[in-house]
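Everything on this sheet refers to the single structure shown next.
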Amino acid sequence: MNNELIRSRNVQKVMDLYEAERQRDIGKWEALWAEQGRHTFWLATPTPAVVGRDRLVAATQRKFDVRPPYGIDVVAEPLADPARVLARLHLTLDSAGGRTTDIW
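Residues in the sequence shown are numbered consecutively from -8, following the working numbering.
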């Protein structure tokens, strides 16, 4: 597979991930992760990373269960390294008076 196809595939997978989150569809969300997947939360303490699909799914299901609904607008852009994608998120928290957060 050439680099352009890899970039395109990876951008689509990022979009699929956030669509599954938008829909709170844990089955679709889980299917996008490798067995040893890693999600790093650089602002979180004391545990800035979750490693392993089972742990990722448990953490995300808890988030789906606990957090009120929020809007997610995503722009995903391929980077020079075909294995990397820049995802820019704009979150809107309906329950917090329309509070918004931007995440890169």
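Beta carbons: idealized from backbone N, C-alpha and C, even for Gly.
Where residue i falls, given that 16 or more other Cβ within 10 Å makes a residue buried
i	result
L70	exposed
T91	exposed
R(-2)	buried
Boundaries of the alpha helix (DSSP H) in which residue i is found, first to last residue
i	result
A25	First-last for A25: undefined, no H or E at that position.
D56	44 to 57
L77	From DSSP, L77 is part of no alpha helix (DSSP H) but of the beta strand (DSSP E) over 76 to 84.
M6	-6 to 14
Residue i, DSSP secondary structure in three states
i	result
D93	strand
F71	Position check: residue 71 holds Ala in this sequence, whereas Phe was assumed. Here A71 sits in coil by DSSP.
Within 8 Å, strictly: CB atoms of residue i and residue j
i	j	result
L47	H30	yes
V5	Q27	no
L77	E68	yes
A11	L(-4)	no
R13	I94	no
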